[in-house]
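Visitor: When the letters of the sequence shown are read in order and numbered with my numbering, they come out as residues 2 to 349.
For every residue, glycine included, the Cβ atom is placed at its ideal position computed from N, Cα and C.
Just so we're clear, the structure is a prediction, and the values are computed from it rather than from any experiment.
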Amino acid sequence: MLATHGRIESASLAGGRRLRAAYRHGVGHRYFYGCRRKRLGKLAMRKIKLIFNPMSDRGRSGQKASDLRAIVDEYGGADWVGSEYPTHATELAARAGLDGYDTVVALGGDGTVHEVVNGLMRVAAPHRPKLAVVPIGSGNDFAFGAGVPMDPAEAMKRAFTGATKPVDIGVLHDNNNRTEYWDNSVGIGFDGKINIMSRKITGLYGFPMYLTAVLRTIFQDYESAQMKLWIDDQPVVERNVLMLTLGNGPREGGGFLTTPDAQVGDGHFDYVIVGHMGRIAILGLLPKVMNGTHGSDKRVTISAFRKLRLEADRALPIHTDGELWSPYEVNTRVVEVEIMAGAIQLLT
2 MLATHGRIES ASLAGGRRLR AAYRHGVGHR YFYGCRRKRL GKLAMRKIKL
52 IFNPMSDRGR SGQKASDLRA IVDEYGGADW VGSEYPTHAT ELAARAGLDG
102 YDTVVALGGD GTVHEVVNGL MRVAAPHRPK LAVVPIGSGN DFAFGAGVPM
152 DPAEAMKRAF TGATKPVDIG VLHDNNNRTE YWDNSVGIGF DGKINIMSRK
202 ITGLYGFPMY LTAVLRTIFQ DYESAQMKLW IDDQPVVERN VLMLTLGNGP
252 REGGGFLTTP DAQVGDGHFD YVIVGHMGRI AILGLLPKVM NGTHGSDKRV
302 TISAFRKLRL EADRALPIHT DGELWSPYEV NTRVVEVEIM AGAIQLLT
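(1) Strictly by DSSP, which residues pair up with residue 108?
(2) Buried or exposed: where does residue 29 fall if 16 or more other Cβ atoms within 10 Å of its Cβ makes it buried?
(3) Pick out the complete beta strand (DSSP E) segments inside the segment 115-188, 3 residues or longer, and give them in chain order.
(4) Can you check DSSP and say which residues form a bridge with residue 208?
(5) Please report the distance separating the alpha-carbon of residue 73 from that of residue 107.
(6) For residue 220, count the other beta carbons within 10 Å of its own beta carbon; 16 or more makes it buried, fewer makes it exposed. Which is it?
(7) Going by DSSP in three states, residue 193 sits in which element: helix, strand or coil?
(8) With a CB to CB cut of under 6 Å and the five nearest residues on each side skipped, what residues in its chain are close to residue 185?
(9) Where in the segment 249-336 do unbroken runs of the alpha helix (DSSP H), each at least 4 residues long, occur, reported from the N-terminal end onward?
(10) List the DSSP bridge partners of residue 101.
(11) Any chance the segment 337-346 sits against the segment 123-138, with 3 or more Cβ pairs inside 8 Å?
(12) Indicate whether the contact test is met: 3 or more Cβ pairs, each with one atom in the segment 255-273 and one in the segment 281-297, closer than 8 Å.
(13) Measure the beta-carbon distance from residue 176 to residue 335 and round it to whole angstroms, keeping in mind my assumption that it falls under 8 Å.
(14) Taking only the alpha-carbon atoms, compute the straight-line gap between residue 50 and residue 133 and give it to the nearest angstrom.
(15) Whole-angstrom Cβ separation of residue 298 and residue 227, contact assumed at under 8 Å?
(16) Below 8 Å, can you find three or more Cβ-Cβ pairs linking the segment 258-278 to the segment 300-319?
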């Protein structure tokens, strides 16, 4: 889930001894894993870039990636490259598009997919590579919602043999003139605060980590914000909002069905608005969010949209696909979201 932070240390490749890391000295100290390309007809003609995040699953993904190497060789090979610092996967994916690659494989968790998607969206649509996802992170929520096999070996095979389907992508703007693309979910308010809290937790991974972060946020620090919301062509709505989550896929946090009916290629996003409520009420709502039945609560609104704007009376913590995009100090108070329908072709 987490993006790579800092230069890759040898410990981050623990368990991945079969990955022959050959550093090329120069700017960024890129390292590549050589994969011999076999002649397998049309498969051998495709140019495939595989972007691997050795820090996925908090640095535990080395062995998983190593185990997949034989599959890559079997289907003709790919050019492997590792991300070394935050946003590096974005740069690598954009470069792959410029270099004429047909497919970019994101080998990691939701953070890796997020960065790769942002890189692909920098490439003009006619030249944009297809996306494949091999889920070896802690959450893998995008893969879950997009129909990507959760078994990494099967997902890797689909990167070479799968059929494509269009996936919608969101574009996010704020009052600081920042722009970010997202593929699975955006969490605003309480949801963003949970993301901040999760980064302070050690020794837990995936859903247990996020559940612990939720509970700590409830009992330590939570607040609502007064918001004005413009959703598509509807009249402005003013509400005291605890949490606003936007979903392209149904799940976030490794197990919370926040927008349970969302589908990644249906041409619209879903949103869930949770009004202000106390700690006991939040605890009562939590099991419903986990199984996707929270829409029955009168303080919860779930619906679809294509374009949304919000203005808040205070700074909002925001995550995009599980990556912290706006901590409080960024002072994000205005957000605009639009859909780019079918912007990326996904191999599944």
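Guide: Reading it off the structure:
(1) Residue mapping note: residue 108 aligns to position 107 of the sequence shown, counting from 1. Its beta-bridge partners are 53, 135.
(2) Reading the sequence shown from its first residue, position 28 is the one you call residue 29. Bear in mind that the predicted position of residue 29 carries a pLDDT of just 32, short of 50, making it unreliable; the figure below should be weighed with that in mind. Exposed.
(3) 131-136, 165-175, 180-183
(4) Counted from its first residue, the sequence shown places residue 208 at position 207. BP columns for residue 208 are empty, so no partner.
(5) In the sequence shown, the residue the question calls residue 73 occupies position 72. In the sequence shown, the residue the question calls residue 107 occupies position 106. If you take the alpha carbons of residue 73 and residue 107, they lie about 13 Å apart.
(6) On the sequence shown, position 219 is the one that residue 220 refers to. Flag for residue 220 reads exposed.
(7) Here residue 193 refers to the residue found at position 192 of the sequence shown. Here residue 193 sits in helix by DSSP.
(8) Position 184 of the sequence shown, counting from 1, holds the residue named residue 185. If we look at residue 185 and ignore the five residues flanking it on each side, its Cβ neighbours are 142, 143, 249, 250, 322.
(9) 280-292
(10) If you number the sequence shown from 1, residue 101 lands on position 100. None, per the DSSP bridge assignment.
(11) yes
(12) yes
(13) Along the sequence shown, one-based indexing puts residue 176 at 175. Along the sequence shown, one-based indexing puts residue 335 at 334. With a Cβ gap of about 4 Å, residue 176 and residue 335 count as contacting.
(14) On the sequence shown, position 49 is the one that residue 50 refers to. On the sequence shown, position 132 is the one that residue 133 refers to. Each residue's alpha carbon lies about 10 Å from the other.
(15) Against the sequence shown, residue 298 aligns to sequence position 297. Against the sequence shown, residue 227 aligns to sequence position 226. Actually they do not touch by this definition, with Cβ atoms about 20 Å apart.
(16) yes
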